[in-house]
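Note that the working numbering has the sequence shown beginning at 661, numbered continuously upward.
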Amino acid sequence: MIVSQRADAAFCQSILKKSGSNFALPLRLLSPEKRRGSNALYAFCRLADDIIDGEGALSDKSQAIDEFERMLRNALNGQVVDDPVLRSIACTADRYTIPHEHLFAIVKGVRSDLTQSRYETTDDLIEYCRRVASAVGLAAVPIWGLRRGISSEDWVPPADACGLAFQWTNILRDVVEDRERGRVYISGESFREAGCDVQDLLAGRIGSAFKVLASNEVSRANRWFAEARQLDEFLSIDGQRVFRAMYGVYRELFRSVEQAGSEVFIQRVRASKWRLPVMGIYSVLAGIS
C-alpha cells in the first residue's frame with residue numbers, strides 16, 4: 661500500500677472509530693485488508709449521511725450531495741479526487757469488484773431524505789430501505805468474501821433481507837427521534853391497516869391501536885431476520901464471523917424493540933450496552949439463532 665492510500669485508509673478508520681457505531685467491533689474480525697475495505701464503505705456511507713443530516717439550508721445540502729455524487733463518479737472512473745473517503749471507496753470497489761450501482765443507490769437513498777419525510781405505501785418505504793441499507797450489504801459482501809461456487813442468486817436475497825431487517829430495527833428504535841425531526845418512516849398504509857393515524861403519532865397521542873401497529877412492524881422485521889440467516893452459509897470464514905457478530909448485535913437490539921411494543925412510539929428504545937457486544941461475540945462462537 662502506497663503512502664497516500666495508507667493515509668486515506670487511516671482517515672476512514674478514524675471516522676468509524678469516532679462514530680461509536682455498532683459495526684466497529686464486528687469489523688475487527690476481518691483480515692486487515694478486508695477491514696480497510698469495510699472501513700472505507702462505512703466512511704462513505706457516513707459521509708453521505710452527514711451531508712443530509714448536518715446543519716444548513718436545504719438548497720446547500722442538495723448542492724453538496726450532488727457534488728458528492730459527481731466526485732464519486734469521477735473517482736470510480738479513475739480520476740483523481742480531493743477526498744480521502746472517495747479515493748478509498750473507489751480503490752475498494754476496484755479491488756473487490758463492487759458493482760457501482762450499489763454505491764449510487766446509497767447516495768440516491770440518502771438524497772431522498774431531503775425531499776421526502778413520509779411514505780404512503782409500504783412498498784415505497786421498502787424501496788427506500790433497500791437503497792440506504794440493503795445496498796450497503798450488497799457492497800459489503802464482495803469485501804467479506806464468499807465460499808467457492810456461490811452465485812449472486814444464492815447470496816443476494818438473504819443479503820437484501822438482512823439490510824431490510826437491520827433498517828427496520830433502526831426505524832422502530834428511532835421513531836421518536838425521527839418524529840421530532842418531522843420524519844415518519846412507517847408507511848401511511850401501515851397506519852391505516854392498524855387502525856391508527858400518523859397525526860396521532862405526531863401529536864403524541866399513542867392509543868391502543870399503536871400496539872397493533874408495533875406488532876405488525878415487528879412481524880415484518882422478524883420475517884426478514886429469518887431470511888437473512890441464510891447468508892451465513894454462503895460467506896467466507898472471516899466474512900461469516902463479521903456477519904454473525906453484526907447479526908447478533910442487531911438481533912439483540914431488535915429484541916429490545918420487540919419487548920418495548922408500543923412504547924417505541926413514546927420513547928427511544930435503548931438496549932443494554934453490555935448485552936449488544938456480548939451477543940455479537942456469542943453469535944460468532946455459537947452461530948446465529
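Even glycine gets a Cβ: it sits at the ideal position worked out from N, Cα and C.
Straight-line Cα distance separating residue j from residue i
i	j	result
Glu-923	Met-939	23 Å
Ile-711	Leu-873	32 Å
Cys-672	Gly-769	21 Å
Ala-708	Ala-735	15 Å
Val-878	Cys-789	15 Å
Glu-849	Arg-791	20 Å
Ala-888	Leu-806	15 Å
Gly-864	Arg-928	13 Å
Ala-905	Gly-797	14 Å
Phe-764	Arg-771	10 Å
Arg-839	Leu-862	6 Å
Gln-859	Gln-919	24 Å
Arg-808	Lys-694	17 Å
Val-663	Ile-675	Only weak support exists for where Val-663 lies, its pLDDT of 49 falling under 50; the coordinates are left without a value.
Tyr-845	Tyr-779	7 Å
Leu-746	Cys-705	10 Å
Neighbourhood of residue i by C-beta, 8 Å cutoff - its chain only, sequence neighbours within 5 removed
i	result
Leu-752	Here the sequence assigns Thr to residue 752, which means Leu is not the residue at that position. The answer, listed in chain order, is Arg-696, Gly-697, Ala-700, Leu-701, Ile-758, Ile-803.
Asn-876	Ser-850, Glu-853, Ala-854
Gly-947	Asp-892, Arg-904
Contacting residues, own chain, Cβ-Cβ under 7 Å from residue i (five flanking each side not counted)
i	result
Asp-773	Ile-712
Ser-916	Val-929, Ala-931
Trp-815	Val-801, Leu-806, Leu-891, Phe-894
Arg-755	Gly-697
Pick from the options that is closest to residue i, judged by C-alpha positions
i	options	result
Ser-943	Gln-827, Glu-787, Leu-689	Leu-689
His-609	Gly-680, Gln-776, Arg-733, Gly-855	What the structure shows of the chain is the stretch from 661 to 949, and residue 609 is not part of that stretch, so it cannot be assessed.
Ala-799	Trp-828, Ala-825, Leu-824, Ile-766	Ile-766
Phe-925	Asp-668, Val-836, Glu-715, Ser-847	Val-836
Glu-729	Tyr-756, Arg-755, His-760, Gly-714	His-760
Ser-748	Trp-815, Ala-670, Thr-781, Glu-715	Ala-670
Pro-624	Gly-714, Asp-898, Met-731	There is no way to answer for residue 624, as the model of the chain reaches only from 661 to 949.
Close-in-space but distant-in-sequence residues of the same chain around residue i (CB under 6 Å, 5 per side omitted)
i	result
Leu-913	Thr-829, Ala-931
Ala-825	Ala-881, Trp-884, Phe-885, Ala-888
Leu-785	Tyr-779, Ser-847
| request: Answer yes if the segment 736–750 comes into contact with the segment 716–724, meaning at least three C-beta pairs across the two stretches below 8 Å, and no otherwise. | output: no
| message | In chain order, what are the residue ranges of uninterrupted alpha helix (DSSP H) at least 4 long that sit wholly in the segment 865–917? | response | 869–888
| said: Could you check whether the segment 815–833 touches the segment 879–891, counting it as contact only if at least three pairs of C-beta atoms, one from each stretch, sit closer than 8 Å? | reply: yes
| field | Whole runs of the alpha helix (DSSP H) within the segment 753–780, excluding any shorter than 4 residues | value | 760–772
| request: Would you list, in sequence order, the uninterrupted alpha helix (DSSP H) runs of no fewer than 4 residues that lie entirely inside the segment 791–857? | output: 795–804, 812–833, 835–840, 848–854
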